[in-house]
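In the numbering used here, the protein residues as written are 6 to 139. Beneath this line is the structure, given in structure tokens, with notes to follow.
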């Protein structure tokens, strides 16, 4: 499948400075479920590092403060991590991450979003039913 996902994912994974990738707990694009469903990681003539710099410059030029840019990138990275989380039903019927890798990605997503991992897990794995009676 030659279709690529949102460009910002590749810009962060392959083009952001190493220090930024480390803060975001990001690996290669192929490490993420949302991206590895395709065989297209690179586009001819596109340099993800240069595109990342252009994205940051564009955000700056339209007036997005640096702290807000960092929040945006943390949120984008959290989305990638959440795509790698798998759940199964635990002993008390609660959904729990299936393995250490899922747990790790859930913890990274929670950190990046600024929430407790247990609260994020509960929010993602708890069913809510709405009835006409409320």
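For every residue, glycine included, the Cβ atom is placed at its ideal position computed from N, Cα and C. Treat the numbers as computed from the prediction; the structure is a model and nothing was measured.
Proximity below 8 Å, CB of residue 113 to CB of residue 86: yes
N-terminal and C-terminal residue of the alpha helix (DSSP H) that residue 94 is part of: Run containing residue 94: none in the alpha helix (DSSP H); it sits in the beta strand (DSSP E), 92–94.
Grab me the residues of residue 13's own chain with a C-beta within less than 6 Å of its C-beta, minus the 5 sequence neighbours each way, in chain order. 81
Could you round the C-beta distance between residue 15 and residue 53 to whole angstroms and report it? I think they count as a contact, below 8 Å. 5 Å
Residue from 103, 118 and 109 whose Cα sits closest to the Cα of residue 130: 103
Reducing DSSP to helix, strand and coil, say where residue 101 ends up. strand
Residue 71 classed as buried or exposed, judged by whether at least 16 other C-beta atoms fall within 10 angstroms: exposed
Quick check on the burial criterion: 16 or more other C-beta atoms within 10 angstroms. Buried or exposed for residue 138? exposed
Can you confirm whether the region 116–130 touches the region 49–63 when touching is taken to mean that 3 or more C-beta pairs between the two stretches lie within less than 8 Å? no
Quick one: complete alpha helix (DSSP H) runs, 4+ long, within the region 13–78? 23–28 and 53–66
Which class does residue 109 belong to by DSSP, given the choice of helix, strand or coil? helix
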